[in-house]
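Report on the following structure.
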Amino acid sequence: AQSVTQLGSHVSVSEGALVLLRCNYSSSVPPYLFWYVQYPNQGLQLLLKYTTGATLVKGINGFEAEFKKSETSFHLTKPSAHMSDAAEYFCAVSNSGGSNYKLTFGKGTLLTVNP
Amino acid sequence: DTGVSQDPRHKITKRGQNVTFRCDPISEHNRLYWYRQTLGQGPEFLTYFQNEAQLEKSRLLSDRFSAERPKGSFSTLEIQRTEQGDSAMYLCASRSLAPSSYEQYFGPGTRLTVT
């Protein structure tokens with residue numbers, strides 16, 4: 653079984669400040685990890701993914717995340733927040749050892765950006 | 002590549018009525034997934050198809066729910082005798098089976114409200 657814990661259901665930052673959204677996962681096999689963003693009343697858009705190889709992965713809109721196996725973490729960061737980053741962010745894990753590759757999501761973190 | 006589309010975007014129905022949602026995946030994506038997202042939660046896996054075969058169903062998918070993908074292209078999700086607890090966003094996603102293509106692409110969702 654796999655699970656995802658996102659610490660902090662709501663994170664508030666000032667425009668231009670560092671964004672840090674935390675994600676810890678549990679998986680019995682090497683995981684595939686994803687961050688998705690969801691704007692109000694829309695579907696999910698992929699920000700970035702980790703499957704194998706380099707543990708620091710870069711995504712769209714200036715976001716990046718680092719896979720840390722020893723900490724079972726995959727935290728999302730962005731050096732400087734923009735107003736347009738305000739949205740809900742979901743971390744997800746997929747089982748690399750299975751065949752269905754279904755996603756297990758965390759409960760999400762709502763990011764607000766203050767001017 | 003026009004993305005994943007879902008229809009309708011919103012559905013309001015009375016308790017006890019049947020509803021059907023449609024999902025059109027990205028063309029040539031073999032795998033199609035259905036998820037359900039309730040308020041304040043991350044999406045939860047319901048079922049998935051590889052081509053026209055339904056390969057896995059979650060325990061969340063009660064007998065009132067049925068999904069089909071008759072020709073391996075679009076899919077439908079039907080809920081019979083809707084209950085207020087069925088109110089949620091229903092998300093469809095598709096994925097290619099190409100090597101190293103692990104991400105799922107999501108549609109905009111169908112928001113169901115059961116009154």
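Chains R and E are the protein sequences, given in the same order. Per the working numbering, residue 653 is the first one in the first sequence, and the count goes up by one each step. Per the working numbering, residue 2 is the first one in the second sequence, and the count goes up by one each step. Each residue gets a CB set at the ideal place from its N, CA and C atoms; glycine is no exception. Computed from a predicted structure; not experimentally measured.
Separation of Ser102 (chain E) from Thr111 (chain E), as counted between CA atoms: 26 Å
Residues from the stretch 680–693 of chain R in contact with chain E, defined by Cβ distance under 8 Å: Tyr684, Phe686, Tyr688, Asn693
Minimum Cβ-Cβ distance from Leu673 (chain R) to chain E less than 8 Å: no
Residue range of the beta strand (DSSP E) that includes Ser666 (chain R): 662–666
Contact list for Thr761 (chain R) against chain E, beta-carbon separation under 8 Å: Residues of chain E passing the Cβ test: none, with the nearest at roughly 10 Å.
When R:Leu728, R:Thr704, R:Ser661 are compared against Ile712 (chain R), the one with the closest alpha-carbon: R:Leu728
At least three beta-carbon pairs within less than 8 Å, the stretch 666–681 of chain R to the stretch 721–737 of chain R: yes
Sequence-distant residues of its chain with Cβ nearer than 6 Å to Thr77 (chain E) (five each side left out): Thr21, Arg23, Glu69
is_contact[Phe50 (chain E), chain R] using C-beta, thresh 8 Å: no
Within 8 Å, strictly: CB atoms of Tyr684 (chain R) and Ser732 (chain R): no
Residue environment, Met735 (chain R), which counts as buried when at least 16 other CB atoms sit within 10 Å: exposed
Inter-residue spacing [alpha-carbon to alpha-carbon] between Gln694 (chain R) and Glu104 (chain E): 18 Å
Presumed contact (8 Å Cβ cut-off) between Phe75 (chain E) and Leu755 (chain R), rounded CB distance: That belief does not hold up - the Cβ atoms of Phe75 (chain E) and Leu755 (chain R) are roughly 21 Å apart, past 8 Å.
Sheet register partners of Cys93 (chain E) (DSSP bridge): E:Trp35
Selected residue, minimal CA-CA separation from Arg60 (chain E), among E:Ala54, E:Thr48, E:Gly73, E:Cys93: E:Thr48
Under 7 Å (Cβ pairs) to chain E, residues found in the stretch 695–714 of chain R: Gly695, Leu696, Leu698, Lys701, Thr703
Cβ-Cβ separation, Phe757 (chain R) to Gln690 (chain R) (assumed contact under 8 Å), whole Å: Going by Cβ atoms, the distance from Gln690 (chain R) to Phe757 (chain R) rounds to 10 Å, so no, they are not a contact pair.
Contact check, Ile27 (chain E) vs Ser95 (chain E), beta carbons under 8 Å: yes
Option nearest Val765 (chain R) by Cα separation, candidates R:Gln697, R:Ser655, R:Gln654, R:Ala669: R:Ala669
DSSP-derived helix/strand/coil call for Ser102 (chain E): coil
Asp737 (chain R) classed as buried or exposed, judged by whether at least 16 other C-beta atoms fall within 10 angstroms: buried
CB contact below 8 Å: Tyr753 (chain R) versus chain E: yes
Residue burial classification, Arg82 (chain E) (beta-carbon count within 10 angstroms, cutoff 16): exposed
Cβ neighbour criterion (16 or more within 10 Å) applied to Leu708 (chain R): exposed
Three-state secondary structure assigned by DSSP to Ser736 (chain R): helix
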